[in-house]
Amino acid sequence: DAGVIQSPRHEVTEMGQEVTLRCKPISGHDYLFWYRQTMMRGLELLIYFNNNVPIDDSGMPEDRFSAKMPNASFSTLKIQPSEPRDSAVYFCASSRFIGDEQYFGPGTRLTVT
Amino acid sequence: AQSVTQLGSHVSVSEGALVLLRCNYSSSVPPYLFWYVQYPNQGLQLLLKYTSAATLVKGINGFEAEFKKSETSFHLTKPSAHMSDAAEYFCAVSPPNAGKSTFGDGTTLTVKP
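Chains A and B supply the protein sequences, listed in that same order. Per the numbering used here, residue 562 is the first one in the first sequence, and the count goes up by one each step. Per the numbering used here, residue 36 is the first one in the second sequence, and the count goes up by one each step.
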């Protein structure tokens, strides 16, 4: 298996622009997680899905953030409009069942200028 | 509810010395416990996991951890540090099949030549 795939690996955008991050989980994994990692705040869980349904989005910082999972093999995290404080590394992870080990993607490094 | 505390955000050892990274947890049910490693510019990857079988768990790269219920601890050890062990290490706890994992704040391991 290729593992969790994220794109793009790097994204540089200007404040106010829309940003879309993409994730392909490992086939057969029922859970998908989106995390954000910064030096100041560490690793934060933003949202997670079970069988394409959002279960807990309490970590989503504000309405500018939205996530979707239209099918079992694809998820997006969208920021609109983006702000400099959104600069971070965003990770997608998947697992077979809740509480199991998570497989992380390589991350997307987002820089908002 | 569950939580995990990693004692020491930074640990520095000499090459060849013992590595000891501390993790204490709280959980209302018998937990699954994990150690993940994150190398620079990469996602987290699983080092080892405890799932209620043997209390001494062996992982990749010579690491091992011991589950001690009486001390609510799951410390990570390696007898002899290598330069390549320099990374950030995360402890995580989850109620199996009942809830998502909770990650600690991470410990950065530095290995001095």
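We treat Cβ as the ideally placed atom computed from N, Cα and C, and that holds for glycine.
Output needed for residue i: all residues of its chain with C-beta closer than 6 angstroms, excluding positions within five of it in sequence on either side, in chain order.
i                 : result
Asn76 of chain B  : none
Gln663 of chain A : Ala654 and Ser656
Thr637 of chain A : Thr581, Arg583 and Lys629
Thr86 of chain B  : Tyr67
Ser115 of chain B : Gly51
Gly94 of chain B  : Leu82 and Leu83
Of the residues the options, which one's Cα is nearest the Cα of residue i?
i                 : options                                   : result
Leu671 of chain A : A:Ile640, A:Asp617 and A:Phe658           : A:Ile640
Ala100 of chain B : B:Cys126, B:Asp120, B:Leu79 and B:Met118  : B:Cys126
Ser627 of chain A : A:Ala633, A:Phe610 and A:Ser634           : A:Phe610
Ser63 of chain B  : B:Phe138, B:Val146, B:Thr145 and B:Gly134 : B:Gly134
Ser588 of chain A : A:Val573, A:Val565, A:Pro631 and A:Thr669 : A:Val565
His110 of chain B : B:Gln37, B:Pro148, B:Val128 and B:Gly78   : B:Val128
Gln578 of chain A : A:Arg657, A:Phe635 and A:Arg625           : A:Arg625
Pro615 of chain A : A:Glu623, A:Ser568, A:Asp661 and A:Phe594 : A:Phe594
Met118 of chain B : B:Leu42, B:Ser49, B:Val39 and B:Phe102    : B:Ser49
Thr112 of chain B : B:Ser61, B:Gln37, B:Val92 and B:Glu106    : B:Val92
Pro642 of chain A : A:Arg597, A:Pro569, A:Gln598 and A:Thr574 : A:Thr574
Val650 of chain A : A:Gln598, A:Glu605 and A:Arg602           : A:Gln598
Asn96 of chain B  : B:Pro148, B:Gln80 and B:Lys104            : B:Gln80
Ser105 of chain B : B:Phe138, B:Ser61 and B:Tyr124            : B:Ser61
Could you give the DSSP three-state label for residue i: helix, strand or coil?
i                 : result
Ile95 of chain B  : helix
Asp140 of chain B : coil
Met118 of chain B : helix
Arg618 of chain A : One detail in the question is off: residue 618 of chain A reads as Asp in this sequence, not Arg. Asp618 of chain A falls in the coil class under three-state DSSP.
Arg657 of chain A : coil
Arg583 of chain A : strand
Pro645 of chain A : helix
Leu35 of chain B  : Nothing about residue 35 of chain B can be read from this structure; chain B reaches only from 36 to 148.
Pro148 of chain B : coil
Glu123 of chain B : strand
Tyr74 of chain B  : coil
Asn132 of chain B : coil
Asn613 of chain A : coil
Since I believe residue j is in contact with residue i (beta carbons under 8 angstroms), could you give me their beta-carbon distance rounded to a whole number of angstroms?
i                 : j                 : result
Leu56 of chain B  : Val46 of chain B  : 6 angstroms
Tyr74 of chain B  : Leu82 of chain B  : Their Cβ separation, rounded to whole angstroms, is 11 angstroms, which puts Tyr74 of chain B and Leu82 of chain B out of contact at 8 angstroms.
Gly78 of chain B  : Pro667 of chain A : 5 angstroms
Phe658 of chain A : Asn132 of chain B : 6 angstroms
Met576 of chain A : Pro645 of chain A : 6 angstroms
Thr40 of chain B  : Asn59 of chain B  : 5 angstroms
Phe102 of chain B : Leu68 of chain B  : 6 angstroms
Pro66 of chain B  : Gln37 of chain B  : 7 angstroms
Please go through the same chain and pick out, in chain order, the residues whose beta-carbon is closer than 8 angstroms to the beta-carbon of residue i, but skip the five residues on each side of it.
i                 : result
Asn612 of chain A : Asp591 and Ala633
Glu572 of chain A : Val580, Leu582, Thr669, Arg670, Leu671 and Thr672
Report all residues from its chain with a CB closer than 7 angstroms to the CB of residue i; omit the five preceding and five following residues, and keep chain order.
i                 : result
Ile608 of chain A : Trp595, Pro615, Asp617, Asp618, Gly620, Met621 and Ala628
Ala121 of chain B : Leu144, Thr145 and Val146
Pro130 of chain B : Gln37, Ser62, Val64 and Pro66
* **the region 82-98 of chain B: positions lying closer than 7 angstroms to chain A by Cβ** => Lys84
* Residues of the region 596-617 of chain A with a CB closer than 8 angstroms to any CB of chain B: list them in chain order, please. => Gly603, Leu604, Leu606, Tyr609 and Asp617
* Please list the residues of the region 634-664 of chain A that have a C-beta atom closer than 9 angstroms to any C-beta atom in chain B, keeping them in chain order. => Val650, Phe652, Cys653, Ala654, Ser656, Phe658, Ile659, Gly660, Asp661, Glu662, Gln663 and Tyr664
* To do: May I ask you to list, following chain order, the residues of the region 117-132 of chain B that have a beta carbon less than 9 angstroms from some beta carbon of chain A?
  => Phe125, Ala127, Ser129, Pro130, Pro131 and Asn132
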